[in-house]
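For reference, the structure discussed in these notes is given below.
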Amino acid sequence: MRIRPAAVADLPLLQDIERAAGEPFRAFGMATIADDEPPALDLLDRYRRQGRAWVSADEGGRPLAYLISDEVDGAAHIEQVSVHPAAAHRGLGRALIDHLAACSLADGLTALTLTTFTEIPWNAPYYTRLGFRTLREAELTDGLREIRRAEALHGLDCWPRVCMRRELV
């Protein structure tokens, strides 16, 4: 698999990946998450134009996974990382996160952050295996608090969520 910047032609495929990646949440009683609309094309294009959208593509160049990120309080914040279920368990998400870590370190950022569900195996437990740790409330930056407020307004707090951080070295 090859990691590359997302292209304009990839953007509808990223929406397809997001829809497919949401389906497994149904098994955990999270139909609202499964039914949530993927990021809009204009939002994905903004990430692409800012150089903050990457895909893991197959040999034919078709995206199988993607990651978009923001900079939040001196850290690269993973806004979304999604892998198509047909391509799961191949290390694509890990590779995208490691790619972001390398780019972020080169840009002088100190860490990766993200928000995630605590009780979904491919969420907090997965990120813990990748070197992330759960942040205590006192450790949250203003930017992370704002992200959590927005998530709560979107209804994501119906299920336990946390902020996590991985230091870059």
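Quick note: the sequence shown uses this note's numbering, first residue 20, plus one each step.
Just so it is clear, CB atoms sit at the ideal spot from N, CA and C, and this is done for glycine as well.
Apart from the five residues just before and just after residue i, which ones in its own chain have a Cβ nearer than 7 Å to its Cβ?
i, result
"D77", "M20, L83"
At least one CB of chain B closer than 7 Å to the CB of residue i: is that the case?
i, result
"S88", "Judged by its chain identifiers, the structure shown contains no chain B, having just a single protein chain."
In angstroms, rounded to a whole number, what distance separates the CA positions of residue i and residue j?
i, j, result
"Y145", "D29", "26 Å"
"L149", "A40", "19 Å"
Are the beta-carbon atoms of residue i and residue j separated by less than 7 Å?
i, j, result
"E37", "S88", "no"
"Y66", "V74", "no"
"V181", "T147", "no"
"A59", "E42", "no"
"V91", "G162", "yes"
"L124", "L187", "yes"
Assign residue i to one of three DSSP states: helix, strand, or coil.
i, result
"R38", "helix"
"H108", "coil"
"D176", "helix"
"E78", "coil"
"R21", "strand"
"F151", "coil"
Excluding the five sequence neighbours on either side, which residues of its own chain have a C-beta within less than 6 Å of the C-beta of residue i, listed in chain order?
i, result
"F220", "The requested residue 220 does not occur in the structure, where the chain is confined to residues 20 to 188."
**Segment contact flag, the stretch 89 to 97 with the stretch 132 to 151, C-beta cutoff 8 Å, min 3 pairs** = yes
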